[in-house]
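Those protein sequence lines, which keep their order, are chains A and B. In terms of full-length UniProt numbering, the first sequence opens at residue 1 and continues consecutively. In terms of full-length UniProt numbering, the second sequence opens at residue 1 and continues consecutively. All C-beta atoms, glycine included, are put in the ideal place defined by N, C-alpha and C. Source: prediction; values computed, not measured.
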Amino acid sequence: MDLNLLQTLEKDRVLEVLRRDKQLRIIEEDRIRRMKYELQELRRRGAKSFARQYGERTCARCQRPLGKFWNSGAVCRGCSHRICSRCRVGAADWKCTVCHAYREVKIRSGEWFLEEKAKKFPVTTDKYETVGEKLLKTYNVLSHISVVPPTPPPHLDYHFLSRSGDLKNSKPFTKSMENLMVSFTSHIRKISTSQNDVQGDLLSVDNGRKASCFTYSTQKSLSDTDINKTTHLFKVPSLPNLFKKSKDSDHEGSSTGAEEETSFGSEYSGGKRGSSSSISTECGLFEGITVAGELELALAYNTSTSCLEITVGACRNLTYGDAKKRKCHPYVKLYVLPERSGKMKTAVKKNTTDPVFNEVLKYQIERHLLFGKRLQVTVWHSGSLRRKVFLGEVLIPLDGWRFEDKASQYFNWYPLCPKAESPSGGLVEQDGGELVKFSSNNQGELLKLSSLKCLQEKETHLTVRQIR
Amino acid sequence: LLHLHPQMASATATYGQKESSDQNFDYMFKILIIGNSSVGKTSFLFRYADDSFTPAFVSTVGIDFKVKTIYRNDKRIKLQIWDTAGQERYRTITTAYYRGAMGFILMYDITNEESFNACPGLVRDWSTQIKTYSWDNAQVLLVGNKCDMEDERVVSGDRGRQLSEHLGFEFFEASAKDNINVKQTFERLVDIICEKMSESLDAGDPAVTGAKQGPQLTEQPAPPHQDCAC
């Protein structure tokens with residue numbers, strides 16, 4: 001579908017509505033993400049206890065021992081676990097706390113509706129992306145074709161409908177890869193034809209390349225064993241899948257009911273079975289680190305220098321990056337999404353969970369290009385051996401930001417959230433994740449590609465040579 | 001109650017002072033208003049969301065929506081109400097938005113025979129479009145608007161009721177101008193969505209149905225206790 005039949009003004013009207021819708025959806029996705037995170041926390045709480053010997057005689061939720069005659073527990077009709085009287089919700093028709101919370105999340109996220117629908121009409125592939133999202137992308141690119149970087153990989157903008165989907169869907173992903181390649185090459189052509197614009201475009205081309213470089217590396221990592229990683233494409237895992245996973249791992253454990261909790265416990269002990277690491281890459285919810293604390297930020301846009309100025313103030317109440325040694329060396333990293341461009345970092349603060357940074361990080365970008373962008377602010381612990389541990393993130397939509405409003409330029413505290421999408425893996429960020437690095441020098445050689453690894457990249461390399 | 005003016009929506013949507021209040025609701029429902037051109041869909045929405053009415057006719061361009069948070073059954077429910085253009089030329093855009101809608105208001109004008117006659121056609125035409133999406137699962141109300149214009153009425157209440165029975169929807173006559181049955185329509189729709197919600201949850205709930213479980217199998221075989229957290 002396209003809007004070409006409409007006049008320009010009509011098109012603008014419709015796109016404006018779609019933008020508002022998108023803002024609403026971003027907020028909604030965030031809300032759902034929080035809810036699921038809380039649910040996960042609740043599930044985990046039972047497993048957190050040090051009592052390693054689970055048995056029939058403890059409550060599956062709080063692990064408190066059950067008596068023989070009084071408070072002997074009863075079986076939850078939802079999960080068939082023995083539950084003590086404290087961990088029940090409701091009277092006669094009670095459920096255990098987790099079963100109750102699970103149902104609540106299903107209701108509150110609207111997932112019930114999607115599930116019901118999926119039962120009747122099995123979800124088909126590309127339908128995940130909303131029409132509105134597609135239109136927004138298409139027309140946003142068209143209107144700024146000379147400056148806007150290629151369409152981002154789809155994992156960032158999936159509508160929450162995608163939650164009801166199955167995991168095997170990588171079709172939209174590869175599709176967008178093609179689009180990406182096309183727009184990438186068209187970018188290069190654009191540059192070669194308009195030498196005058198080269199300076200102005202330098203930045204955005206840079207963005208574009210980074211975006212593509214990022215996807216290449218993701219694609220490379222999509223080996224057969226890593227097939228689970230395709231779920232990065234989806235923002236939030238569907239509840240059934242989420243629990244199915246834990247159930248699968250249950251079968252490996254021995255029989256008694258409460259055993260399932262240990263599979264989560266194993267993540268704490270550093271992953272005693274191989275699958276736990278893949279679980280943790282699948283979604284931020286499974287990360288071993290409990291996300292806590294807040295981050296202080298101020299955002300301003302400097303029109304004279306065309307810079308987005310992000311002042312990272314401080315953090316408070318962070319979790320320990322190294323829980324065993326109770327150590328934390330936090331730093332803050334910024335990206336502009338969806339391209340993951342403009343990587344910026346603060347200095348690392350040693351031995352503190354309340355670091356004060358007071359650093360101004362600048363990102364040069366034309367004001368109108370902020371449309372559709374989000375600022376991803378992540379907090380990391382810089383551990384030994386270059387291990388980085390994720391401590392939390394804040395996502396801020398930039399297109400609706402009222403930079404003119406003085407109040408919005410002041411410092412604000414943002415609660416840290418678990419990761420929404422983690423392209424480089426969940427728990428620990430690997431160094432050298434960026435396969436391709438680009439450098440630009442001032443001789444007009446815009447695209448000098450180094451350390452290329454993919455065939456496609458080699459092709460682009462050739463194109464670049466020809467242009468020169 | 002919280003209502004977002006279009007201009008305000010983007011500002012509210014960003015992080016800021018209003019951020020907390022913005023997420024301060026229990027459910028979010030998407031509702032679509034459909035019907036022929038000039039039956040009063042936009043007026044109906046404006047009456048409900050803003051409590052305002054303008055007699056002038058302004059054709060809706062493509063789609064639009066308003067957000068209204070209501071308090072119903074002890075829950076705060078955020079409604080995203082989509083107003084669609086009735087004109088044929090926007091059909092591709094409007095139908096694309098059927099997906100994800102949990103409730104529909106199918107509207108005609110009681111002073112306009114054609115708009116009434118169009119209803120079954122709309123249902124038929126659109127249901128093919130919707131089938132793949134959500135019509136089958138969504139709740140629908142049939143609404144005869146402009147019931148304040150009794151002198152010019154051409155579609156009797158009985159005919160409206162008959163049609164609604166035929167289509168299997170509930171029926172209201174309403175007036176955006178005189179504010180008759182507007183709130184009631186939306187509230188009824190919210191209620192039946194809520195009913196549907198608990199119905200669908202309990203159906204899949206082993207606690208209620210016992211061991212018997214009846215969702216059709218999709219590509220992925222469902223584990224025995226799919227709906228349980230444990």
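Reference A:Lys-362, options A:Ala-298, A:Gly-392, A:Leu-18, closest by Cα: Nearest of A:Ala-298, A:Gly-392, A:Leu-18 to A:Lys-362, Cα basis: A:Ala-298.
Could you check if A:Trp-70 is buried or exposed, using at least 16 other CB atoms within 10 Å of its CB as the buried criterion? exposed
Give me the DSSP bridge partner(s) of A:Cys-315. A:Leu-295
Assigned exposure category for B:Asp-158 - 16 Cβ within 10 Å defines buried: exposed
How many angstroms separate the CA atom of A:Glu-16 from the CA atom of A:Leu-135? 11 Å
Is the Cβ-Cβ distance between B:Phe-186 and B:Met-102 less than 8 Å? no
6 Å CB neighbourhood of A:Thr-346 in its chain, flanking five on each side removed: Val-312, Tyr-331, Val-332, Phe-357, Glu-359
Can you find a CB in chain B that lies within less than 8 Å of the CB of A:Asp-322? no
Bridge partners for B:Ile-81 per DSSP, in chain order? B:Ile-31, B:Lys-66
My output table needs one value for B:Tyr-48: the three-state DSSP class, helix, strand or coil. Three-state result, B:Tyr-48: helix.
Could you give the DSSP three-state label for B:Asp-148: helix, strand or coil? coil
How many whole angstroms separate the CB atoms of B:Leu-106 and B:Gly-40, which I take to be in contact at a CB cut-off of 8 Å? About 13 Å; that fails the 8 Å criterion.
Is it true that the segment 112-126 of chain B meets the segment 74-85 of chain B, where meeting means three or more beta-carbon pairs spaced less than 8 Å apart? no
Can you find the residues in the same chain that come closer than 7 Å, C-beta to C-beta, to A:Pro-65, ignoring five residues on each side of it along the sequence? Arg-57, Thr-58
Using CA coordinates, which residue listed in A:Leu-395, A:Trp-380, A:Val-394 is at the minimum distance from A:Lys-388? A:Trp-380
Which residue's Cα is closest to the Cα of B:Val-58: B:Ala-49, B:Thr-69, B:Ser-37? B:Ser-37
Using a C-beta to C-beta distance shorter than 7 Å, which residues of chain B count as neighbours of A:Trp-112? Going along chain B in sequence order, the residues near A:Trp-112 (Cβ under 7 Å) are Met-197, Ser-200, Leu-201.
Could you tell me which residues DSSP puts in a beta bridge with B:Glu-173? B:Gly-144
Secondary structure of A:Trp-112, DSSP reduced to three states: helix
Quick one: which residues of the segment 66-89 of chain B get their C-beta closer than 8 Å to a C-beta of chain A? List them in chain order. Val-67, Gln-80, Arg-89
Please compile the residues from chain A whose C-beta is within a distance smaller than 7 Å of the C-beta of B:Ile-63. Per Cβ cutoff of 7 Å: Val-14, Val-17.
Spatial distance of B:Leu-189 from B:Glu-170 (CA atoms): 9 Å
Over the uninterrupted beta strand (DSSP E) stretch that includes A:Gln-364, give me the two end residues. 356-364
Can you tell which of B:Leu-32, B:Gly-100, B:Pro-55, B:Phe-116 has the C-alpha that lies nearest to the C-alpha of B:Asp-178? B:Pro-55
With 16 other CB atoms within 10 Å as the buried threshold, where does B:Gln-184 fall? Within a 10 Å sphere around the beta-carbon of B:Gln-184 sit fewer than 16 other beta-carbons, which makes this residue exposed.
Any idea if B:Thr-60 is buried or exposed, counting beta-carbon neighbours within 10 angstroms, 16 or more meaning buried? buried
Within chain A, partners of B:Ile-105 - CB distance below 7 Å: Per Cβ cutoff of 7 Å: no residues; B:Ile-105 is ~17 Å from chain A at best.
Where B:Ile-180 falls: helix, strand or coil (DSSP): strand
Cβ of A:Asp-354 less than 8 Å from any chain B Cβ? no
Got a sec: is the Cβ-Cβ distance from A:Glu-296 to anything in chain B below 8 Å? Chain B contact via Cβ: absent.
Counting only C-beta atoms, is B:Asp-151 closer than 8 Å to chain A at any point? no
Which of helix, strand or coil does DSSP assign to A:Ser-341? strand
Give me the subset of the segment 364-382 of chain A whose CB atoms are less than 9 Å from a CB atom of chain B, sorted by chain position. Of all residues in the segment 364-382 of chain A, none has a Cβ within less than 9 Å of some Cβ in chain B.
Could you spell out where the alpha helix (DSSP H) holding residue 236 of chain B opens and where it closes? This structure cannot speak to residue 236 of chain B, because chain B is shown only from 1 to 230.
Starting from the C-beta of A:Cys-84, find all residues in its chain whose C-beta is less than 8 Å away, skip the five residues before and the five after it, and write them out in chain order. Cys-59, Arg-61, Cys-62, Arg-64, Leu-66, Asn-71, Gly-73
Just the C-alpha distance for B:Ser-156 and B:Leu-163, rounded to the nearest angstrom, thanks. 11 Å
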